[in-house]
């Protein structure tokens with residue numbers, strides 16, 4: 001299962017999302033939109049204006065800090 005988390009610097013929801021994924025031992029790739037212009041362009045082209053956004057394979061992306069959905073993700077892995 002491929003998990004990609006789009007984040008930015010000084011984002012509390014991003015930090016909590018990453019912390020929760022680490023606690024659940026979910027491996028993920030982080031793409032910081034402030035440091036990676038291609039990541040920023042991708043999110044804009046997909047219609048997203050805020051982070052975090054989590055992409056998991058072909059599933060519906062998770063927007064914002066959603067501990068309930070992160071828990072379901074942990075169970076699915």
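Numbering (the UniProt record's numbering), first residue to last: 1 to 77.
Heads up, the beta-carbon is just placed ideally off N, CA and C, and yes, glycines get one too.
If you're wondering where the values come from, they're calculated on a predicted model, not measured in any experiment.
Asked	Found
Is the CB-CB distance between residue 1 and residue 77 below 7 Å?	yes
Going by CA-CA distance only, name the one from 34, 39 and 25 that's closest to residue 8.	34
Below 6 Å CB to CB, which residues in the same chain sit around residue 21 once its five sequence neighbours on both sides are set aside?	28
If the criterion is Cβ atoms closer than 7 Å, does the pair residue 4 and residue 55 meet it?	yes
Pick out whichever of 51, 47, 73 and 48 has its Cα sitting closest to the Cα of residue 59.	73
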